[in-house]
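> This is the structure I want to talk about, given as structure tokens.
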Amino acid sequence: MSNEEYLKELRHSAAHLLAAAVLKLYPNTKLTIGPAIDTGFYYDLDFTHPLTEDDLPKIEKEMAATLKTWETFSHREVTEKEAKEFYKNNEYKRELIDEIVAKGEKLTFYKAGDFEDLCRGGHSAKPQKDIGAFKLLSIAGAYWRGSEKNKMLTRIYGTAYPKQKELENHLTMLEEAKKRDHRKLGRELDLFHFQPEAPGMPFWHPKGMILRNELLAFSRKLQLEYGYKEVLTPTMMDVSIFKQSGHWDHYQKDMFSTIYEDDKLFGLKPMNCPGMIQVYKSSLRSYRDLPLRLSEYGLITRKEQSGELNGMFRVMQATQDDAHLFVTEDAIDEALEGLIALVSDIYAGFGLKFKAYLSTRPDNYMGKLETWDRAEKTLKAAMEKAGLEILLKEKDGAFYGPKIDYQLEDSLGRTWQCGTLQLDFQMPETFNIEYIDSDGTAKRPVIIHRTIIGSVERFIGILTEHYAGAFPVWLAPVQVVLLPIADRHIEFGQKVIDQLQNAGIRAEMDTRSERLQAKIRDATLQKVPFMGIIGDKEIVESAISVRKRDGEDLGQIKTASFLNLIQENIAKKT
RNA sequence: GCCAAUGUGGCUCAGUGGUAGAGCAAAUCUUUCGUAAAGAUUAGGUCGUGGGUUCGAUUCCCACCAUUGGCUCCA
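The first sequence lines up with residues 0 to 573 when you count with numbering that gives the first Met the number 0.
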């Protein structure tokens, strides 16, 4: 058995343990389901009284006591009648029983100690021994069967490991993730803030803007190399555009709109596509113009439900690094190759690992079957050629075309959906866009939609957590801070600052009348990559003593060499 | 939108049915200092917003707003 399976069984058993303890403490609670998940387990319960976090330690204690009576799991097959009799007061379990019966599967009960539960199995052979350490982590609401039409149940999350040490490591990791929270770091590093008058819409501070601008400059530079042309389209347009694109029908409830001059209804764009298509349509296009790669760093606005905003990860206004490629059908392959290469280039700039998922034709697809087959084959071939592992998401494509989704992995191993690359055969029809082919006839191009960074806001949130705020030199809002030891060193410091700034380095000087230790501490907490200490010795040598934010002492360095060192770091994106 | 929790000076947090404190940050002064926090003084809050109960509400109740952990949603 793999370690993964072992953990899964152990946690599944821990979920039963949780249920058993809850039943002892709150006998009228109705059990529903309780699976193992990647990081632990949960159990969804229907309590007669609301539960709070304060109740968790009590439940943990009961779990520990119960575990002592759990030597092993035994199971038995039961009839539908028996099962329903057992759960005569539990409509959730009866619903599950009906489903199992309908599927023609056997009904089994698993028992450990004196706790028995409807279960398909998959438990630790020796729960008492295997569940070495467990902890209940949080309490949350969850809909029965995941549908908001159903009753809200109480979900208790927990985690379990064979060894106490492993549990502790996991908890340390959670602590570490908390320290890296971009909302916390955003405030501490003075990058941005939120306030109630603009929910889900960040106020960017000067230092945050440097991150944005560097990020976009990097993206622009690469896109230029790949033949993109940048455009910018209105944030607000008459809703007739969105009626034509279909957004008004399908997405209206998530769109902001506003009345203009009493009789015109304007909508804030929730996506850039309609606008960019207007640019395409603004003149007659020849096959010689294709592929036309239009990029836009467009501001999109979407209403989000109140409970789902989450710092920079989920905002109501976002800037997307959007692009639309207008290509002839037979040039799709080539366009995709370029795109996949570009995606890899951009992610590589941040040292982020990624996985690419190919989403294939859904049941409600539009267009011709053979076009889909070809498009999927094309995407697959392009992924293969780029050396990407092909992970499939069957039937998960958009109705207008198949897509590749990119998931980034950050330094804590968490994954984030960022880039997406979608083939679209539908929008060209809807907007009736054409090009004149070499034979003089009008033909329909294909559109490839893509974002790589995704939303700039979200990406900066991810980068902040990935680097724990210690941005690489090229991104760091302040790259160098000079620390004069006494006031008489400021003059020399200013000369160094001038040199650095003239070379485009973001350098500052801490002229406060604080002790050196305090200045080092503050610069370290601000995660400034380089500190340059200036005292009498440095002035004599016409050099600065360089300390890195991780504490490494680089000793005295002449200003010119220091400049080179920084520029090297910037160029290598370290 | 749903379940649960939270909202006190810029930040982190304490506290109370009789109109509020601490540390850090800030300002001023002293100090001019060698690799992660010098010292003193001062200033700063109608306790998220609106209603209600009460002689009196930051504290109790209701509504709303925002945030957090989840669920759902993300065409």
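From the three backbone atoms N, C-alpha and C, an ideal C-beta is built for every residue, glycine too.
Which class does Cys272 belong to by DSSP, given the choice of helix, strand or coil?
Cys272 falls in the helix class under three-state DSSP.
> Between Tyr109, Lys164 and Ser560, which lies nearest to Ser541 when the distance is taken from Cα to Cα?
Ser560
> Just to confirm, is the Cβ distance from Asp344 to Asn271 under 8 Å?
no
> The beta strand (DSSP E) that contains Thr257, what's its start and end?
Run containing Thr257: Ser256 to Tyr259, per the beta strand (DSSP E) assignment.
> Is Ile519 near the ligand SAH, with its Cβ less than 7 Å from a heavy atom?
The ligand SAH is absent from the structure shown, which contains no ligand whatsoever.
> Measuring straight from C-alpha to C-alpha, what distance separates Leu562 and Leu324?
41 Å
> Could you give the DSSP three-state label for Thr463: helix, strand or coil?
Helix at Thr463.
> Taking 6 Å as the limit between beta carbons, can you name the residues of its chain near Gln222, skipping five residues before and five after?
Ser294
> Could you round the C-beta distance between Met235 and Phe265 to whole angstroms and report it? I think they count as a contact, below 8 Å.
So it is a contact: roughly 5 Å between Cβ atoms.
> Report the three-state DSSP secondary structure of Gln163 (helix, strand or coil).
helix
> Do you know how far the Cα of Thr419 is from the Cα of Asp521?
40 Å
> Mind checking whether Thr523 and Pro483 have CB atoms under 8 Å apart?
no
> Drop a sphere of 10 angstroms on the beta-carbon of Gly226, count the other beta-carbons inside from all chains shown, and report buried for 16 or more, exposed for fewer.
Burial call: exposed.
> Enumerated in chain order, which unbroken segments of the alpha helix (DSSP H) with a length of 4 residues or greater are wholly contained in the region 397-470?
426-429 and 455-465
> Take the Cβ of Thr318 as the centre, count every other Cβ of all protein chains shown within 10 Å, and call the residue buried at 16 or more, exposed below.
buried
> Rounded to whole angstroms, what is the Cα-Cα separation between Ala506 and Val472?
12 Å
> Please state if the CB of Leu407 and the CB of Ile461 are separated by a distance shorter than 8 Å.
Contact annotation: Ile461 and Leu407 have beta-carbon atoms nearer than 8 Å.
> Cβ atoms of Tyr42 and Ala18: under 8 Å apart, would you say?
yes
> Give me the DSSP bridge partner(s) of Lys134.
In the DSSP output, where bridge partners are listed per residue, Lys134 has Thr158.
> For the alpha helix (DSSP H) holding His181, just list the boundary residues, first then last.
Note, His181: alpha helix (DSSP H), His181 to Glu187.
> Below 8 Å between beta carbons: does that hold for Asp404 and Tyr356?
The criterion of a C-beta distance shorter than 8 Å is satisfied by Asp404 and Tyr356.
> For Asp436, collect the residues of the same chain with a Cβ closer than 7 Å to its Cβ; drop the 5 residues on either side in sequence, then sort them by chain order.
The residues Tyr286 and Lys442, in chain order, have a CB closer than 7 Å to that of Asp436 in the same chain once the five nearest residues on each side in sequence are set aside.
> Exposed or buried, what is Ala347 when buried is set at 16 or more other beta-carbons lying within 10 Å of its beta-carbon?
exposed
> Determine the contact status of Leu214 and Phe458, defining contact as a CB-CB distance below 8 Å.
yes
> By Cβ distance, which residues of its chain are closer than 7 Å to Phe191, with the 5 residues on each side in sequence left out?
Gly185, Pro201, Phe202, Trp203, His204 and Gly207
> Could you have a look at Gln555 and say whether DSSP puts it in helix, strand or coil?
strand
> Give the single residue among Phe529, Arg449, Ala570 and Lys384 whose Cα lies nearest to the Cα of Gln555.
Phe529
> For Ala82, which residues of its own chain have a beta-carbon under 7 Å away from its beta-carbon, when the five flanking residues on both sides are left out?
Within the same chain, Ala82 has close Cβ partners Ile96, Leu106 and Leu117.
> What's the gap between the Cα of Glu61 and the Cα of Glu307?
34 Å
> Is the separation between the beta-carbon of Ile446 and that of Met426 shorter than 8 Å?
Yes. Within cutoff.
> Tell me, please, which residues DSSP counts as bridged to Glu507.
Val480
> Classify His249 as helix, strand or coil using the three-state DSSP reduction.
helix
> Can you have a look at Tyr466 and say buried or exposed, based on whether 16 or more other CB atoms are within 10 angstroms of its CB?
buried
> Measure the C-alpha to C-alpha separation of Glu196 and Pro273 and round it to an integer number of angstroms.
Cα to Cα, Glu196 sits roughly 29 Å from Pro273.
> With the cut-off set at 8 Å, would you say Ala385 and Ala159 are in Cβ contact?
Not in contact: Ala385 and Ala159 (Cβ atoms no closer than 8 Å).
> Would you tell me roughly how many angstroms separate the C-alpha atoms of Asp253 and Pro269, rounded to the nearest one?
8 Å
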